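Participant:
2 protein chains.
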Amino acid sequence: MTITFRHVIDSLTAGVSRPDPTVDKLDPGSRETEVQGIVTAFAASQYIIEQAAALGANLIVTHEGVYYSHQDQREWLGGDPVFLQKSALIASSGIGIYRFHDDVHRYTPDGITEGLICALGWQDYVTEHRAAVSILTIPSMSVKDAAEMVKRQLAISYVRVAGNLTASCTRVGILVGYRGGGSMTIPLFEQDGLDLIIAGEGPEWETPEYIKDAAAQGRNRALIMLGHAESEAPGMKLLAERLSQQFPGLPVRFVQDRPVFQIL
Amino acid sequence: MTITFRHVIDSLTAGVSRPDPTVDKLDPGSRETEVQGIVTAFAASQYIIEQAAALGANLIVTHEGVYYSHQDQREWLGGDPVFLQKSALIASSGIGIYRFHDDVHRYTPDGITEGLICALGWQDYVTEHRAAVSILTIPSMSVKDAAEMVKRQLAISYVRVAGNLTASCTRVGILVGYRGGGSMTIPLFEQDGLDLIIAGEGPEWETPEYIKDAAAQGRNRALIMLGHAESEAPGMKLLAERLSQQFPGLPVRFVQDRPVFQIL
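Taken in order, these protein sequences are the chains called A and B. Following this note's numbering, the numbering of the first sequence begins with 1 at its first residue and continues without gaps. Following this note's numbering, the numbering of the second sequence begins with 1001 at its first residue and continues without gaps.
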């Protein structure tokens, strides 16, 4: 049987109650195109597109957008040469790009959060999955040891940590992507008795300033900020494994991008 | 002559065309209170309030809000113990807090950007001040050397850098606070021939992903992300110097807070 983009997209979105409007879309590409191979990635970056082409894949399933904008606004890119070169590469490659953001976050549990928890090896410690956060009860360890373990498991070179490093933590909230903002994180500490939040990204004047105040008051509340890509790439890796099982005849591969930042 | 909070606020806001609505406000406090001393800071954190009280200051001029929210939304803080303890400290201290955000950004040049440029020692290299960005032409140096110089001048322990570290840079855009987003930064590279942007904070999927693509295309465009507080605290230090000159009889002091994050 010929497998088209439509089959893959239908499989990805089966049973999901999609928000309206959504940022998820196939662009560029036609649903009737036959799939040669699939690459999943955090973002369809220049590097990922080049890798997909080299691997002979003609469908990229990307969590974040292609052009540095959640809503795919492009007006301000104008004649920017990075944009133009990337657009030309995509056009000449013939690769289709499916943005898969909203729907995977609406899996039960959230498919991106689940990927991160799997990568951490913490599946057995989940107390409760909610829409935007998973609550875990992990074996007691210091915040510093938790941070070092997270770095090792995710193979990342650094994390940003707020709070008292020597405090012990066992009740942990995990929030991927841009869910690190104060209105999402701060109520969890009290409501769920959390010691530690592990998040992707969020405004620095919100949760980190709250944690600084908590530490100044002698309270053991801590935050590990992983980085947006670092928190969500594992979910796209898990997705590649699922697609491989659903389409055993297709080459499906997660491609890990380079980190956006170096620490100096 | 008795100097009241009103005199200080009138001095801070003289000649500024204030946006409506604005987040700037005196809360708590009465404009008729006599000033005993002033502390300026990036944020009125637990630590800053304790320091102000210890210094005998009864007016804090803060750039960011007290309760981890730009719009000062407090509903979701509820009975949070960090919030309650901080509120009680503020009430018992009798200290007035003036949020000074929108107006100082509307100074000509932007008072926060000017403070950062002064702290970098780059006043002589300014080509143009605009509302949200200053364009500089600095002596040519590598991105790595620029990052090391910035760390040294600002006395900060790390910066996050995107792009090619060995590329040389001379055309630099400086954007403080949360002006690091793609719609603000990306057009500058082409329009102003920038090699490097130094910013406070911004969404990681915007400018950093753009810089990663630019580097993958072999282009020399780079980004140094300072951190929000790190980019704006120098502006509040400069403000303290100005207040000292305007009110020579008053003790005015900038207090440097601890960084929100450690790198592990």
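Every residue gets a Cβ at the ideal spot worked out from N, C-alpha and C, and that includes glycine. It should be emphasised that the depicted structure is a prediction, and the values quoted were computed from it without experimental measurement.
#1: What three-state label does DSSP hand PRO1234 (chain B) in the structure shown?
#2: Please confirm whether ALA167 (chain A) has its beta-carbon closer than 8 Å to some beta-carbon of chain B.
#3: Out of B:SER1045, B:THR1207, B:TYR1067, B:ARG1242, point me to the one whose CA is closest to LEU1012 (chain B)'s CA.
#4: With DSSP run on the structure shown, which of helix, strand or coil describes LEU136 (chain A)?
#5: How about HIS1063 (chain B): is its Cβ closer than 7 Å to a heavy atom in the ligand NAD?
#6: Restricting to runs no shorter than 4 residues, where is the alpha helix (DSSP H) found entirely within the stretch 1033–1110 of chain B?
#7: Given a cut-off of 8 Å on the beta-carbon distance, is the pair ASP192 (chain A) and GLY173 (chain A) in contact?
#8: Counting only C-beta atoms, is HIS1129 (chain B) closer than 8 Å to chain A at any point?
#9: Distance cutoff 8 Å, beta carbons only. Does GLY227 (chain A) sit that close to anything in chain B?
#10: So does the stretch 1098–1118 of chain B actually touch the stretch 1234–1254 of chain B, counting three or more Cβ pairs closer than 8 Å?
#11: For the 8 Å Cβ check, are there 3 or more pairs between the stretch 21–33 of chain A and the stretch 81–100 of chain A?
#12: According to DSSP, is VAL1143 (chain B) helix, strand or coil?
#13: For the alpha helix (DSSP H) containing ILE156 (chain A), list its first residue and its last residue.
#14: Measuring only between beta-carbons, confirm whether TYR107 (chain A) sits less than 8 Å from chain B.
#15: Given 8 Å as the limit, is there contact between the stretch 206–217 of chain A and the stretch 75–86 of chain A, that is, 3 or more CB pairs closer than that?
#16: Are any of the Cβ atoms in chain A nearer than 8 Å to that of GLN1046 (chain B)?
#17: Ignore the nearest five residues each way along the sequence and tell me which others in ARG1106 (chain B)'s own chain have a CB closer than 6 Å to its CB.
#18: Grab the span of the alpha helix (DSSP H) containing ALA216 (chain A) for me, first residue to last.
#19: So ALA214 (chain A) contacts chain B; which residues on that side make the cut at Cβ distance below 8 Å?
#20: Whole angstroms is fine: what's the gap from ARG179 (chain A)'s alpha carbon to THR1004 (chain B)'s?
#21: For THR988 (chain B), which residues of its own chain have a beta-carbon under 6 Å away from its beta-carbon, when the five flanking residues on both sides are left out?
#22: Look up HIS1129 (chain B) in the DSSP assignment and give the residues it is bridged to.
#23: Kindly say whether TYR1098 (chain B), judged by its beta-carbon, lies nearer than 8 Å to any beta-carbon of chain A.
#24: Give me the Cβ distance between ILE49 (chain A) and ILE90 (chain A), rounded to the nearest whole Å; I'm assuming they're in contact under 8 Å.
#25: Beta carbons nearer than 8 Å to chain B: which residues of the stretch 128–152 of chain A have them?
Facilitator: A quick look at the data gives this:
#1: PRO1234 (chain B) sits in a helix when the DSSP states are folded into three classes.
#2: Output row for ALA167 (chain A): interface = no.
#3: From the listed residues B:SER1045, B:THR1207, B:TYR1067, B:ARG1242, the smallest Cα separation to LEU1012 (chain B) is found for B:ARG1242.
#4: For LEU136 (chain A), the secondary structure class from DSSP, reduced to helix, strand or coil, is strand.
#5: This structure simply doesn't include the ligand NAD, nor any ligand for that matter.
#6: Note on the stretch 1033–1110 of chain B: whole alpha helix (DSSP H) runs with a minimum of 4 residues are 1046–1055, 1081–1093, 1102–1105, in chain order.
#7: At a Cβ-Cβ threshold of 8 Å, ASP192 (chain A) and GLY173 (chain A) count as neighbours.
#8: No, HIS1129 (chain B) does not count as interfacial toward chain A.
#9: It does; some Cβ of chain B falls within 8 Å.
#10: Output reads yes: the stretch 1234–1254 of chain B touches the stretch 1098–1118 of chain B.
#11: As far as the Cβ criterion goes, the stretch 21–33 of chain A touches the stretch 81–100 of chain A, which means the pair count is three or higher.
#12: Assignment of VAL1143 (chain B) by DSSP, reduced to helix, strand and coil, places it in the helix class.
#13: No alpha helix (DSSP H) contains ILE156 (chain A), which DSSP labels as neither H nor E.
#14: No, its Cβ sits nowhere closer than 8 Å to a Cβ of chain B.
#15: Using a C-beta cut-off of 8 Å, the stretch 206–217 of chain A makes no contact with the stretch 75–86 of chain A, since fewer than three inter-stretch Cβ pairs fall below that distance.
#16: Yes, contact with chain A.
#17: Same-chain partners within the cutoff: VAL1016.
#18: Note, ALA216 (chain A): alpha helix (DSSP H), 207–216.
#19: Listed by position along chain B, the residues whose Cβ is nearer than 8 Å to that of ALA214 (chain A) are VAL1082.
#20: So the alpha carbons of these two residues sit roughly 42 Å apart.
#21: An answer regarding residue 988 (chain B) cannot be provided, because it is not within the stretch 1001 to 1264 covered by chain B.
#22: Paired residue(s): B:SER1134.
#23: No, no contact with chain A.
#24: The Cβ separation is near 6 Å, so the contact holds.
#25: Cβ proximity to chain B below 8 Å picks out LYS144, ALA147, GLU148, LYS151 from the stretch 128–152 of chain A.
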